[in-house]
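The structure under discussion appears below in the form of structure tokens.
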Ligand SMILES: Cc1cc2nc3c(=O)[nH]c(=O)nc-3n(C[C@H](O)[C@H](O)[C@H](O)COP(=O)(O)O)c2cc1C
């Protein structure tokens, strides 16, 4: 099944029980003999007075196998998560870099490993011109990768001296990290690299203590000009939630953004094996049963997926956010500041991970800010977010929620080091 018929990132088509029933009443699983009826869907969910009825048609069994229903996060696209520690050379540190958070799992990076340095380049072919027209997220995600790279080099005693944008004539050359050597310096952040995943599931109703927020603020040490604005009170969170929901609605009403987002979604194992990038159903934070159903059932339409994403954003992502954070910089158009903001974002995500907490990036507002600017539309989201920040001298870079997750997040695929180094 082509990914264009599938789900979207944040945004996925995996249906709720009602949607399973309403929208898949007669969608074929692969042939007329394998039609999953509304009644069958309810039975699968145990909602039809029948417990679980996965009466095996061959096709259904095949989909269970083919889509990895029983073994989430396995296969060669997930190998980089288990091989990043072993290699003591700079390539091992690149193995840590590629596990960083990055927008829509586009993995927009290339690395040159030289005898004296590791050079970090953007891969301009992996941008998102409708969702991220000015490379805000692209630059930020590259900052996340730089942070993991530095942690990886440091842990191997290979060096940690970073120069951002070392070659003004080449804007794709984003960073140089010198291999100056030194004592191996592992860290809690480094140890968390392999366990960090974006957690899009529900979080428990438990506030984040201010001492935890203070320790996350402290992650900005040594990173010039970046900070976090926390939204923790019900009033503050409510105002940001309203803006996120409005931005989500505007995003899905924008055909270009909706279609582009969907184009990166990898809906089945073949897609994942082939591309080793993009968001997947496994990464959506669903309950095991809903996840299994989402893999077994055929993908619904783009618009149904958009609707489901909006519903998830309303009822899970925003409804269970214990706190929101917005990374701020002085100039949101500065690639260097974005890279530094990305380094802070990655540190915070790693620090959250080592505390057993969850983090989900939620950037609908800034995606709409940039889209309005790209299309010459009146700026509606920019002034509203700026006013919520309440500091005119700071610009919002990216937004996320944190909390204590109900369930662990699953891995996302990665392209191997060999595919992104030259
Ligand atoms: C700059 C940036 C923006 C992102 N925006 C979103 C977002 O709006 N919604 C979302 O669910 N995930 C978002 N993500 C998370 C990525 O989708 C995620 O990092 C990627 O799919 C890889 O998955 P992993 O973080 O679990 O390894 C963003 C990540 C970065 C670095």
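In our numbering, the protein residues as written are 82 to 503.
Each residue gets a CB set at the ideal place from its N, CA and C atoms; glycine is no exception.
Nearest to residue 291 by C-alpha distance, out of 359, 403, 265, 251, is 403. It is roughly 38 angstroms from the alpha-carbon of residue 281 to the alpha-carbon of residue 263. Relative to the Cα of residue 315, the nearest Cα in the group 342, 343, 286, 295 belongs to 286.
Residue ranges of uninterrupted alpha helix (DSSP H) with 4 or more members, entirely inside the stretch 454-501 and ordered along the chain, are 462-470, 498-501.
When distances are taken from the beta-carbon of residue 214 to the heavy atoms of ligand 1, even the shortest one reaches 8 angstroms or more. Here the C-alpha atom of residue 371 lies approximately 43 angstroms from the C-alpha atom of residue 305. Look at residue 342 here: in three-state DSSP terms it is helix. Note on residue 495: 16 or more other CB atoms within 10 angstroms of its CB, so buried under the neighbour-count rule. For residue 202, the uninterrupted beta strand (DSSP E) run begins and ends at 198-203, by DSSP. Relative to ligand 1, even the nearest heavy atom lies 8 angstroms or more away from the CB of residue 334.
Around the beta carbon of residue 421, a 10 Å sphere encloses 16 or more other beta carbons of the protein chains shown; the residue is thus reported as buried. When DSSP states are grouped into helix, strand and coil, residue 394 belongs to the helix group. Counting only residues of its own chain and dropping the five nearest sequence neighbours on each side, residue 177 has a CB closer than 7 angstroms to the CB of 165, 229, 230, 232, 233, 274. Following the DSSP letters along the chain, one finds residue 233 inside the alpha helix (DSSP H) bounded by residues 217-236. Contact between the stretch 297-313 and the stretch 389-408 is established, with three or more Cβ pairs separated by less than 8 angstroms. Less than 9 angstroms separates the beta-carbon of residue 469 from that of residue 324.
Annotation: residue 503 to residue 489 spans about 35 angstroms, alpha carbon to alpha carbon.
Distance from the CA of residue 328 to the CA of residue 191, rounded to the nearest whole angstrom, comes to 32 angstroms. Taking a C-beta distance under 9 angstroms as the contact criterion, residue 431 and residue 442 do not qualify as a contact pair. Residues 165, 166, 167, 233, 237 of the same chain have their beta carbon placed closer than 8 angstroms to that of residue 173, with the five preceding and five following residues left out of the count. Between residue 428 and residue 227 a beta carbon distance of about 11 angstroms is seen, past the 8 angstroms cut, so the two are scored as non-contacting. Around residue 463, the same chain offers 450 as residues with beta carbons nearer than 6 angstroms, after the five sequence neighbours per side are excluded. Comparing alpha carbon positions, the residue from 270, 278, 221 closest to residue 256 is 221.
Per DSSP, residue 271 lies in no beta strand (DSSP E); the unbroken alpha helix (DSSP H) holding it starts and ends at 269-273. When DSSP assignments are scanned along the stretch 153-183, the uninterrupted stretches of alpha helix (DSSP H) that are 4 or more residues long and fall wholly within it turn out to be 171-178. Taking a cut-off of 8 angstroms on C-beta distances, the stretch 394-402 does not touch the stretch 202-209, as fewer than three cross pairs fall below it. With a threshold of 8 angstroms, the Cβ atom of residue 444 counts as near ligand 1, since some heavy atom of the ligand is closer than that. For the 9 angstroms CB-CB criterion, residue 283 and residue 487 form a contact. Counting only the Cα atoms, residue 196 lies some 50 angstroms from residue 378. In this structure, DSSP gives residue 452 a helical state, which the three-state scheme calls helix. By the 16-neighbour rule on beta-carbons within 10 angstroms, residue 322 is buried.
Classified as exposed, residue 157 has fewer than 16 neighbouring CB atoms from the shown chains inside 10 Å of its CB.
Across the structure, residue 209 and residue 152 are spaced so that their CA atoms are roughly 30 angstroms apart.
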